[in-house]
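In our numbering, the protein residues as written are 6 to 130. No residue lacks a Cβ here, since even glycine has one placed at the ideal position from N, Cα and C. Fair warning: this is a prediction, and the values are worked out from it, not measured in the lab. What follows is a set of notes on a single structure, which appears directly below.
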Amino acid sequence: MSDKKLAGIWIDTEKAVVVKNHDAQNAFKFFLCSPVKAEIQHGNSSENAANNAERTNRAKFFKEVEHLLTNSQEVYITGPGTIQEELKKYLHDTAQFKNLDIKLDTAQKMSDEQVLETVKNHFNA
6 MSDKKLAGIW
16 IDTEKAVVVK
26 NHDAQNAFKF
36 FLCSPVKAEI
46 QHGNSSENAA
56 NNAERTNRAK
66 FFKEVEHLLT
76 NSQEVYITGP
86 GTIQEELKKY
96 LHDTAQFKNL
106 DIKLDTAQKM
116 SDEQVLETVK
126 NHFNA
């Protein structure tokens with residue numbers, strides 16, 4: 006097991022499950038963080054308002070995920086669709102994470118335990 010601070014995420018448009026092997030100070034064993042839920046906007050008066058609300062909510066969602074990745078040295082992101090690429094771009098556009106080593110993958114819905122095992126396997130932990 007490396008002493009690198011590693012994190013893995015399964016993410017879709019509704020929630021993110023973050024697994025990491027570190028707290029603020031130490032790298033130890035992998036554990037699940039509380040899932041981050043995205044706010045879904047319903048019933049806007051116009052398409053423009055809906056798009057703005059969606060962008061604002063997506064940024065807020067990514068910001069909450071980003072907070073859990075603080076001090077990570079490598080990140081593995083998986084999930085369905087293209088949201089992993091969006092999160093990677095968001096992180097690389099953030100000064101703190103611009104040089105972060107991020108690996109992307111795709112995966113269908115998984116239980117929290119499956120996410121934990123997938124991340125551990127990815128990092129050979």
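Which residues DSSP lists as bridging V23, in chain order: Counting from 1 along the sequence shown, the entry for residue 23 is found at position 18. Paired residues: I14.
7 Å Cβ cutoff met for V70 and A21: Counted from its first residue, the sequence shown places residue 70 at position 65. Counted from its first residue, the sequence shown places residue 21 at position 16. The answer is yes: Cβ separation under 7 Å.
L105 - DSSP class collapsed to helix/strand/coil: To locate residue 105, count along the sequence shown from 1; it is residue 100. Collapsing the DSSP output to three states places L105 in coil.
Cα-Cα separation, A43 to K25: Residue 43 sits at position 38 when you count from the first residue of the sequence shown. Residue 25 sits at position 20 when you count from the first residue of the sequence shown. The alpha-carbon atoms of A43 and K25 are separated by roughly 20 Å.
Reference Q46, options S39, F66, H27 and C38, closest by Cα: Walking along the sequence shown from the start, residue 46 turns up at place 41. Comparing Cα positions, the closest option is F66.
Whether D17 touches G84 by CB criterion (7 Å): Taking the sequence shown and counting its residues from 1, one reaches residue 17 at position 12. Taking the sequence shown and counting its residues from 1, one reaches residue 84 at position 79. In contact: D17 and G84 (Cβ atoms closer than 7 Å).
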